[in-house]
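J.:
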Amino acid sequence: MTTAAAPPPKYAVGSLVHARGREWVVLPDSTEDLLVLRPLGGADVDIAGVLPGLETVVPATFAPPTPGDLGDQHTAGLLRTALRIGFRAGAGPFRSLASIAVDPRPYQLVPLMMALRQDTVRLLIADDVGIGKTVEAGLIAAELLAQGDARGLVVLCSPALAEQWRAELRGKFGIDARLVLPATIGRLERETPYGQSVFRPDGAYVVSTDFIKSPRHREDFLNNCPDLVIVDEAHTCVADSTAQVSARTSQQRYGLLRALADDATRHLLLVTATPHSGKEEPFRRLLGLLDARLATVGFESRAGRELLAQFFVQRRRADIREDFQDGAHFPSSRDTVEVSYALHRDYRALLAEVLAYARETVRSADGALQQRQRWWSTLALLRTLSSSPAAAVRSLNTRAGVQEADTPDEVDRTGQVTVSDPADTDSAQAADEVPGSLLPTATSTTEETGSDGSDGSDGLDAEEKTRLVAMAEAARKLAGPTRDTKLKKLVAMVTDLLDSGYRPIVFCRYIATSDYVAGHLKKVLNKKGTEHPVAVASVTGELSPDMRLNRIAELTGADENGEPAPERRVLVATDCLSEGVNLQESFDAVIHYDLAWNPTRHEQREGRVDRFGQRTDTVKALTLYGADNPVDDIVLKVLLRKHERIRRATGISVPVPQQAESAMQAVFEELILRGETPSFEQEGLFEREQLPAAEQLELAWESSAEREKASRSLYAQNRIKKEDVATEVAEIRAALGTGEEVREFTRRALGALRGVPADRKQGGFTAHTDALPQGLRDAVIAALGPRHPRPVVFHDTPSAPRGEVALTRTDPVVAATARFVLDTALDEKFPAWQRPARRCGVIRTNAVQRPTTMLLVRHRFQLSLPTRDGEIRPQLAEEARVIAFQGRPEAPQWLPDEEALALLQARATGNSDPAFATDHIASILAALDTGLMDELRLRSKAAAAELEASHHRVRTAARARLAGLKAVPQGDPDVLGVFLYRPAATIQLGADA
8 MTTAAAPPPK
18 YAVGSLVHAR
28 GREWVVLPDS
38 TEDLLVLRPL
48 GGADVDIAGV
58 LPGLETVVPA
68 TFAPPTPGDL
78 GDQHTAGLLR
88 TALRIGFRAG
98 AGPFRSLASI
108 AVDPRPYQLV
118 PLMMALRQDT
128 VRLLIADDVG
138 IGKTVEAGLI
148 AAELLAQGDA
158 RGLVVLCSPA
168 LAEQWRAELR
178 GKFGIDARLV
188 LPATIGRLER
198 ETPYGQSVFR
208 PDGAYVVSTD
218 FIKSPRHRED
228 FLNNCPDLVI
238 VDEAHTCVAD
248 STAQVSARTS
258 QQRYGLLRAL
268 ADDATRHLLL
278 VTATPHSGKE
288 EPFRRLLGLL
298 DARLATVGFE
308 SRAGRELLAQ
318 FFVQRRRADI
328 REDFQDGAHF
338 PSSRDTVEVS
348 YALHRDYRAL
358 LAEVLAYARE
368 TVRSADGALQ
378 QRQRWWSTLA
388 LLRTLSSSPA
398 AAVRSLNTRA
408 GVQEADTPDE
418 VDRTGQVTVS
428 DPADTDSAQA
438 ADEVPGSLLP
448 TATSTTEETG
458 SDGSDGSDGL
468 DAEEKTRLVA
478 MAEAARKLAG
488 PTRDTKLKKL
498 VAMVTDLLDS
508 GYRPIVFCRY
518 IATSDYVAGH
528 LKKVLNKKGT
538 EHPVAVASVT
548 GELSPDMRLN
558 RIAELTGADE
568 NGEPAPERRV
578 LVATDCLSEG
588 VNLQESFDAV
598 IHYDLAWNPT
608 RHEQREGRVD
618 RFGQRTDTVK
628 ALTLYGADNP
638 VDDIVLKVLL
648 RKHERIRRAT
658 GISVPVPQQA
668 ESAMQAVFEE
678 LILRGETPSF
688 EQEGLFEREQ
698 LPAAEQLELA
708 WESSAEREKA
718 SRSLYAQNRI
728 KKEDVATEVA
738 EIRAALGTGE
748 EVREFTRRAL
758 GALRGVPADR
768 KQGGFTAHTD
778 ALPQGLRDAV
788 IAALGPRHPR
798 PVVFHDTPSA
808 PRGEVALTRT
818 DPVVAATARF
828 VLDTALDEKF
838 PAWQRPARRC
848 GVIRTNAVQR
858 PTTMLLVRHR
868 FQLSLPTRDG
878 EIRPQLAEEA
888 RVIAFQGRPE
898 APQWLPDEEA
908 LALLQARATG
918 NSDPAFATDH
928 IASILAALDT
938 GLMDELRLRS
948 KAAAAELEAS
958 HHRVRTAARA
968 RLAGLKAVPQ
978 GDPDVLGVFL
988 YRPAATIQLG
998 ADA
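Numbering (this note's numbering), first residue to last: 8 to 1000.
1. Quick check on Gln154: does DSSP put it in helix, strand or coil?
2. Going by the beta-carbon positions, is the gap between Leu275 and Leu294 smaller than 8 Å?
3. Would Asn589 be called buried (16 or more neighbouring beta carbons within 10 Å of its own) or exposed?
4. Please identify the residue among His775, Pro415, Pro442, Ala929 whose C-alpha is closest to the C-alpha of Thr385.
5. Note down, in chain order, each residue of its chain lying with its Cβ closer than 6 Å to the Cβ of Ala807, except the 5 sequence neighbours on either side.
6. From Met861, Thr191, Pro200, pick the residue whose C-alpha is nearest to that of Phe218; which is it?
7. What residue from Ala991, Leu870, Leu908, Pro903 has the CA that sits closest to Gln154's CA?
8. If you reduce the DSSP assignment to three classes, tell me which class Gly193 lands in.
9. Relative to the C-alpha of Ser1008, which candidate in Lys768, Phe101, Pro166, Pro606 has its C-alpha closest?
10. Taking the runs of the beta strand (DSSP E) that are 3 residues or longer, which of them lie wholly in the stretch 738-781?
11. Where do the N-terminal and C-terminal ends of the alpha helix (DSSP H) with Val531 fall, by residue?
12. Buried or exposed: which applies to Trp383, given that a residue is buried once 16 or more other Cβ atoms fall within 10 Å of its Cβ?
13. Within a Cβ cutoff of 8 Å, which residues of the same chain sit near Ile879, ignoring the five residues on either side of it in sequence?
14. With a threshold of 8 Å on Cβ separation, who are the neighbours of Ala310 within its own chain once the five nearest residues in sequence on each side are excluded?
15. Assess contact between the stretch 846-866 and the stretch 764-778, defined as three or more Cβ pairs (one per stretch) separated by less than 8 Å. Is contact present?
16. In the DSSP assignment, what residue or residues form a beta bridge with Thr630?
17. Is it buried or exposed for Asn636, if we count other Cβ within 10 angstroms and need 16 for buried?
18. Pull up the distance between the alpha-carbon of Trp172 and that of Asp582, whole angstroms please.
19. Under the rule that 16 or more other beta-carbon atoms within 10 Å means buried, what is Pro222, buried or exposed?
20. Quick check on this structure: which residue in Asp595, Val64, Leu42 has the alpha carbon closest to the alpha carbon of Val513?
21. Closer than 7 Å by C-beta to Gly978: which residues in its own chain qualify, once you throw out the five before and the five after it? Chain order, please.
22. Would you report the Cα separation of Gln611 and Ala913, rounded to the nearest angstrom?
23. Measuring alpha carbon to alpha carbon, tell me which residue in Ile237, Pro74, Thr63 is nearest Glu30.
24. Which residue marks the beginning of the beta strand (DSSP E) containing Lys973, and which one marks its end?
25. What did DSSP end up calling Arg826 once you bin it into helix, strand or coil?
26. Looking at the strands, I want to know which residues DSSP matches up with Arg871.
27. Just to confirm the assignment: which complete beta strand (DSSP E) runs, minimum length 3, are found wholly within the stretch 160-185?
28. DSSP state of Thr272, grouped into three classes?
29. Among the residues of its own chain, which have a CB less than 6 Å from the CB of Leu646, if the five just before and after it don't count?
30. Who are the near neighbours of Ala435 in its chain, counting only those whose CB is closer than 7 Å to its CB and skipping five residues on each side?
31. Pull up the CB-CB distance for Leu195 and Arg207, whole angstroms please, since I reckon it's below 8 Å.
32. To which residues does DSSP link Met120 through a beta bridge?
33. Can you give me the C-alpha to C-alpha distance between Gln80 and Thr937, rounded to a whole angstrom?
34. For Leu969, which residues in the same chain have their Cβ closer than 6 Å to its Cβ, ignoring the five residues on either side in sequence?
35. Helix, strand or coil for Phe318 per DSSP?
36. Count the other CB atoms, across all protein chains shown, that sit within 10 Å of the CB of Ile788; report buried if there are 16 or more and exposed otherwise.
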C-alpha cells in the first residue's frame, strides 16, 4: 500500500525559504507547484523557479550577524545605504519607483495618477518637446506591469526611433523589449516555434508602425498583441479625410490603431508633442481612439471639458519650469538669432536665370496637368538652389517625380511631399532626398525620358537641354566658400560657437547639402596647423536608423582606446534627426542652415538640444537666411517670423493654419509668374503682390492663436495636482536613499574598494575602475561598455552622458556598487579590503551620554492590491529601518526614529577593544531571542499600517479601488546590523572603559 505524498507547503509572498543551499524570498506569481524565488539580497536577474515537489524547500530564517564581524564608525551607514539602494520591491504606493533608473519630476507623475484612475488606461500625453513624454509613458507602463494590471507591452514608433525606445525602456525602466522591424523579423520568425506568433501577450516589443500595418503581419499582430500599447508620434497616424499628403499611409496607420482601440480591455497611450496640426478633424479622430464620445463632444461645455480632462494632458515648458529649480539639468532659456548673408553676384545671377526659366516654362505649359508639373519642378529647383550648389546640381540632373502623376491633384500631392514641408506629412524623416526638376518637353515621350528616375535630360529639346546644362555647370562653379557666401557665413557662425564652448548641430533640408556642408567644414575647420581640430560628421536619411546612431556615437563617444570624444565637434544633419532622437547630452546649439517651410520643423530641430538633460543653461538657435534671396524672404515673412511673433505674444507654439499651404503657393506664384525680375531687384513688387495671401494667412493664424489660448484652459490638466502625491513621493525617495546619501555612499565605498575618487570642479567626482574587485569591475564594464572613458565621471545630477554615471540610486553603476557592498557584508569569506561595510561595531562617541544600541532592520510585507478587474493581487514589499534603544538589552528604552537616524552621523572619538566589543555584541544578539524581537515585531506591524495608509491615500487621490487593500508583515524582521554606541571616555582606563 502506498500513501499519497502530501501537497507541497504554501509559502506567502515575502516569506523566506531555503533551497539549493541558499536563502530565497518568495515572489508573487508563486503557486503550490512552482515557487518564484529571488535570492536574499539578490537582483531580478537572479530570479529562479523552483518545483517544491522535486526539490527540497524548507522555511528559513535570516542569519543574525556574527559578533566578531566588527567595523568602524562608517560601516553602519554604508550597510544601511547599500541595503536601501538595492531595494527593487519598495514598499511605497508607486510600486515601480524602486526598480526604475529614473528620478521622475513631480509633473511627470500627473499622467501616472490619471492612469491609476482608469480601469482601462486611455491617455493622450501631449506635453511640449523635450520635457519628458517618453518618461511619462514609461512610468505608466512600468507601474501597470509592476502592479500586474498589464501583462505585456508594445511600443509602436518610427523605425528610426525603435532602437532609442528599446534603450530607454531597458536603461530607465528595466523592460527588455524585442525589436520588430523589417531587418529583424526574419530572425525572430526563425527563433519562433512553428505555428506560433512572434508576439506573445506577456512579451515586450518595440515595433515599426509602418511595418506592422502591412497586410502580411497586421492580423497576427492584432490577434497576439499585448494588453498595453504605446503609440509614439501618434499625430502621424491620423489625417484629415481631405488631406492631400500621405493620406493612404495615415489611413492604414489609423486603421491599425482603431482595431487595437476596439478591444475595450487594452491600455492605450498616445504620445505626441503636436496633437493638433491646425485641423480639427485629425485631432478629433485621435481623441476618438481613447473614447468615442471625444470625437463629437463640445469642449465649450463644462461636461465636455471634464470628459476631456480624463484622457488628455498637455503642459508647456512654462507650466513645469518650477520643477527644475533643484539643479536638475533643463535649459533656462533659448537664445534665438537670425543671421543674414548677401548672395555672391554669380549666385544672384544664377538665381535670376532660374526665376526667368521658371516663369517661361510655367507660362508656356500646355494644359493644367503640365502646368502643375512644371510649377512643382521649377519650385524644386528654386528651393534646392537656395539650399546649396550641390543640391541644385543634383536636382538639375534628376527627373522630376511629378512627371509620373496623371492628374493635377496627384501632381500637387506628390509635389507637396517632395518639395514642401506640409504639416500633415508622415514625418520629418520622410524626404531629405533632392527633388528632381527635369521634365520632358511637350514633344518628347515617356520612353525617350527613361524610367530609372535619375536623368530625364534625353527627353528635352536641344535648346532647353543646353540651358539646363549651363545652369548645372554654373551651380557647380558656385561650390565653396568663395562664391557660396551662405557657406562662408556658416563657417564663421560655427567657429564663433565653438570658440564660445558650444557644440552645434547644423540642420539642412537635403542629403546633398548636408554632405556638401560637412565636407567643407571638415576642410576649413581643420586646416594644417589648426591648434584645436574639430570633429565633423554628416547624418542623413541615406543611413539606416542603426547607422545614424552609430555615426553619432562615433562623433560623440569614446574611441577604441577609451579616449573621450573631442569637445570641439559639429554634427551636420537632415531632418531625419529632427524628431525623437535625443542629442542634448552631446550638443547645445542648432543652426538652421536651410529654412524649413513649416515652423513646426524648426521647433522639432531645436527640441533635440533644448530638453531635459541639457547641461548648458542657455541653448542657441541660429537661423541663417539670404537677405537678397526671394525664396528665403517669402518663408521668413509668410511663415517663420509670424510663427515666432505669435509664440512670443501668446507663450505657445501655434500650429500652421490649414490655409498656409495655399497661401505659400499663392505668394510663390506672384514671384514666379508675375514678377518680371527677382524681388530683390524690385523692392516694392514682392510686398505689394504678396499682401492678399499673406494677410489671409495672418488672420487665420491670429484666429488660431486666440483659439489655442482659449483651449489651454480646456486642455489644462487641473483635475490632478502634483502636490497630491508630493508627500508620498518624498517619503518613497527618503526610504530608498536621498541624493546626498547616494553620493556619499558611492564615493566612500569606491574609495574603500581602491577606486581613488577625486572631486571635480564642475561637481561630482571621478573614480578609477581598473583596481576595483573583479566582480564590481565586471559590473561597471557591463553598464558603461568596455571602452568607457577612464577615469569614470560621476555626476551630481539625475542624468549623465553615455559612458558616465549619474549619482542616483538606480544608475547601473551605483546599483552595482551597492549590491557588491551588501553582498560582501553578508559573506565573511571575502577578503577584508573588499568588505567596506560590516554588520557589527562598537563605537566610542560624544553623540551619546549612555550606551545606545542601533539596529538595522529589514521588514518584508505581503501587500494585497485590488486590481482593476476586481481581484486581489499579492505583491512583495521591503523596507529598511533604523531603530535604537538606550540601556541594557534586557530593559531597553526605545528612542524616537529621528534620534535613531542621528546615530548614523555620530563621529567616533576612540577605539574599543575587539574582545570587549565582541562580548557586548554577543549579549545584544542573545537578547534578540527574548524581548527585543517582540518589539521588532510590533514595529513591523506599525510599519505595515503606515504602508497601508500610504497606499490608501494615493489610491484615494487617484479614485482607485480600495476594497481588499492590505499590508501584512511576513515573518520576523531581518536584523542586518547591530551597532553599540558608548559615551566617549573621560578618563582612559586600559584598552577600554
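Cβ atoms here follow ideal geometry from the backbone N, Cα and C, with glycine treated the same way. Since the structure is predicted, the reported quantities are computational estimates derived from the model, not experimental observations.
T.: Considering the structure as presented:
1. Residue numbering aside, residue 154 sits at position 147 when the sequence shown is read from its first letter. DSSP places Gln154 in helix when its eight states are reduced to three.
2. What you label residue 275 is simply residue 268 of the sequence shown in a count that begins at 1. What you label residue 294 is simply residue 287 of the sequence shown in a count that begins at 1. Contact flag unset, no.
3. Within the sequence shown, numbered from 1, the residue matching residue 589 stands at position 582. The residue is buried, with at least 16 neighbouring Cβ atoms inside 10 Å.
4. Numbered from its first residue, the sequence shown carries residue 385 at position 378. If we check each option's Cα against that of Thr385, Pro442 comes out closest.
5. As a first step, residue 807 must be located in the sequence shown, where it is residue number 800. Within its own chain, the residues whose Cβ lies closer than 6 Å to the Cβ of Ala807, once the five positions on either side in sequence are excluded, are Ala813, listed in chain order.
6. Numbered from its first residue, the sequence shown carries residue 218 at position 211. The option with the nearest alpha carbon to Phe218 is Thr191.
7. Counting from one through the sequence shown, the residue named residue 154 turns up at place 147. Closest option to Gln154, Cα to Cα, is Leu870.
8. As a working note, residue 193 is residue 186 in the sequence shown. The DSSP-derived three-state label of Gly193 is helix.
9. Given a span of 8 to 1000 for the chain in the structure shown, any question on residue 1008 remains unanswerable.
10. Listed in chain order, the beta strand (DSSP E) runs fully inside the stretch 738-781 are 772-774, counting runs of at least 3 residues.
11. In the sequence shown, residue 531 corresponds to position 524, counting from 1. Unbroken alpha helix (DSSP H) run through Val531: 518-532.
12. Residue mapping note: residue 383 aligns to position 376 of the sequence shown, counting from 1. Flag for Trp383 reads buried.
13. The residue you call residue 879 lines up with position 872 of the sequence shown. Closer than 8 Å at the Cβ level, and outside the excluded window around Ile879, lie Ser871, Leu872, Pro873, Gly971.
14. The sequence position of residue 310 within the sequence shown is 303, counting from 1. Correct list, in chain order: Val304.
15. Contact fails: fewer than three Cβ-Cβ distances are below 8 Å.
16. Reading the sequence shown from its first residue, position 623 is the one you call residue 630. Paired residues: Glu345, His599.
17. As a first step, residue 636 is located in the sequence shown; it is residue number 629 there, counting from the start. Buried, by the Cβ-count rule.
18. By 1-based counting over the sequence shown, the position of residue 172 is 165. By 1-based counting over the sequence shown, the position of residue 582 is 575. Straight through space, the alpha carbons of Asp582 and Trp172 are spaced by roughly 19 Å.
19. Against the sequence shown, residue 222 aligns to sequence position 215. Label assigned to Pro222: exposed.
20. Within the sequence shown, numbered from 1, the residue matching residue 513 stands at position 506. The residue with the shortest Cα to Cα distance from Val513 is Asp595.
21. Within the sequence shown, residue 978 is the residue found at index 971, counting from 1. Contacts found: Ser22, Leu23, Arg867.
22. Numbered from 1 along the sequence shown, position 604 holds the residue referred to as residue 611. Numbered from 1 along the sequence shown, position 906 holds the residue referred to as residue 913. Their backbone Cα atoms lie some 52 Å apart in a straight line.
23. To locate residue 30, count along the sequence shown from 1; it is residue 23. Considering only alpha carbons, the answer is Thr63.
24. Your numbering for residue 973 matches position 966 in the sequence shown. Taken as a continuous stretch (DSSP letters only), the beta strand (DSSP E) holding Lys973 covers 973-976.
25. Here residue 826 refers to the residue found at position 819 of the sequence shown. Three-state result, Arg826: helix.
26. Stepping through the sequence shown from its first residue, residue 871 is reached at position 864. In the sequence on display, residue 871 carries Ser and not Arg. Answer is Pro881, Lys973, bridged to Ser871.
27. 160-164
28. Residue numbering aside, residue 272 sits at position 265 when the sequence shown is read from its first letter. Coil at Thr272, not helix or strand.
29. Counting from 1 along the sequence shown, the entry for residue 646 is found at position 639. Answer for Leu646: Pro606, listed in chain order.
30. Position 428 of the sequence shown, counted from the first residue, corresponds to residue 435. Any reading at Ala435 must be qualified, since the residue scores a pLDDT of 46, below 50, and its modelled position is unreliable; the value itself is stated next. Hits under 7 Å: Asp582, Ser585, Glu586, Arg608, Gln611.
31. Translated into the one-based positions of the sequence shown, residue 195 becomes position 188. Translated into the one-based positions of the sequence shown, residue 207 becomes position 200. Going by Cβ atoms, the distance from Leu195 to Arg207 rounds to 11 Å, so no, they are not a contact pair.
32. As a working note, residue 120 is residue 113 in the sequence shown. Looking at the DSSP assignment, Met120 forms no beta bridge with any residue, so it has no partner.
33. Counted from its first residue, the sequence shown places residue 80 at position 73. Counted from its first residue, the sequence shown places residue 937 at position 930. Approximately 27 Å, taken between the alpha carbons.
34. One-based indexing of the sequence shown puts residue 969 at position 962. For Leu969, where only same-chain residues beyond five positions count, the Cβ hits under 6 Å are Arg962.
35. Within the sequence shown, numbered from 1, the residue matching residue 318 stands at position 311. In this structure, Phe318 counts as coil in the three-state DSSP scheme.
36. Within the sequence shown, residue 788 is the residue found at index 781, counting from 1. When all chains shown are included, Ile788 counts as exposed.
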